[in-house]
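In this text, residue positions in the sequence shown follow the UniProt record's numbering: the first is 1, and each later residue adds one.
Glycine included, C-beta positions come from ideal geometry on N, C-alpha and C.
Predicted model, so just to flag it, every value in this text is computed and none were measured.
Remarks on the structure that follows.
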Amino acid sequence: MAGPGDAMQQPVGSAGRQWVRGPQDVVAGLVVIAIAAVILRTLSLITTTSYSTFSPALFPRICTYCIMLGGVVLVARGLVKHGPGLERMPLRPLALVVLAVAGFGLIAPLFGYAIAGLLTLIVSGLAAPDLRLRQLLMVSILLIAASVALFSYALKLTMPIVMIPGLSF
Numbered sequence: 001m002a003g004p005g006d007a008m009q010q011p012v013g014s015a016g017r018q019w020v021r022g023p024q025d026v027v028a029g030l031v032v033i034a035i036a037a038v039i040l041r042t043l044s045l046i047t048t049t050s051y052s053t054f055s056p057a058l059f060p061r062i063c064t065y066c067i068m069l070g071g072v073v074l075v076a077r078g079l080v081k082h083g084p085g086l087e088r089m090p091l092r093p094l095a096l097v098v099l100a101v102a103g104f105g106l107i108a109p110l111f112g113y114a115i116a117g118l119l120t121l122i123v124s125g126l127a128a129p130d131l132r133l134r135q136l137l138m139v140s141i142l143l144i145a146a147s148v149a150l151f152s153y154a155l156k157l158t159m160p161i162v163m164i165p166g167l168s169f
């Protein structure tokens, strides 16, 4: 039989059920929900004429609610099912991918989407732990060639492919 001092020796929370069983899923779900909330707030800035007409934000809003639902499912899964704990996230890959995406937005209007896309693929590819530079360059060039073929020639979009002073496509 347990004595009165035994209750003090048990760690806090070990007697009952843990609320968070899969911390990684809970944190990921909360991040997804937060990002979806920011997107919904941004979509609310798009003006609509009335409730009886479709607005340009309808489809993105539906997609955002579906993404938010996925975040709720992740949180629920982390509360019900045991999963991996939180690990320290390396900052280099995250910083390189964010830099690559932001760089695309800054470079594409100035030099065209082919150059911006190539630089985006190379910079984000540098985040890989098993980097093979030759492979990265070859895959990047093939992906840019495919995107030029798709967007500029097949879909006939009017985005500038390359804009270099004295040379434009």
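Exercise. In three-state DSSP terms, what is I122?
Worked result: One-based indexing of the sequence shown puts residue 122 at position 122. DSSP places I122 in helix when its eight states are reduced to three.
Exercise. Secondary structure at I161, three-state DSSP: helix, strand or coil?
Worked result: Mapped onto the sequence shown, residue 161 falls at position 161. Here I161 sits in coil by DSSP.
Problem set entry | Burial state of M8, where buried means 16 or more other Cβ atoms lie within 10 Å | In the sequence shown, the residue the question calls residue 8 occupies position 8. Confidence at M8 is low in this model, with a pLDDT of 42, below 50, so its placement is unreliable and the value that follows should be read with caution. With fewer than 16 Cβ atoms within 10 Å of its Cβ, M8 is classed as exposed.
Exercise. Where do the ends of the alpha helix (DSSP H) carrying L150 lie?
Worked result: The sequence position of residue 150 within the sequence shown is 150, counting from 1. No alpha helix (DSSP H) contains L150, which DSSP labels as neither H nor E.
Exercise. Does the count of Cβ pairs from the stretch 62-82 and the stretch 105-123 closer than 8 Å reach three?
Worked result: no
Exercise. When DSSP labels each residue in this structure, what does A89 get in the three-state scheme?
Worked result: Stepping through the sequence shown from its first residue, residue 89 is reached at position 89. Contrary to the premise, residue 89 reads as Met rather than Ala in this sequence. Under the three-state reduction of DSSP, M89 is assigned to coil, being neither helix nor strand.
Exercise. Okay, do the stretch 105-119 and the stretch 56-69 touch, 3+ Cβ pairs below 8 Å being the bar?
Worked result: no
For this session: Please determine, among I46, V27, R88 and S124, the residue with the shortest C-alpha to C-alpha distance to V73.
Result: On the sequence shown, residue 73 is found 73 positions in, with the first residue counted as 1. Looking at the Cα atoms, V27 is the closest of the given residues.
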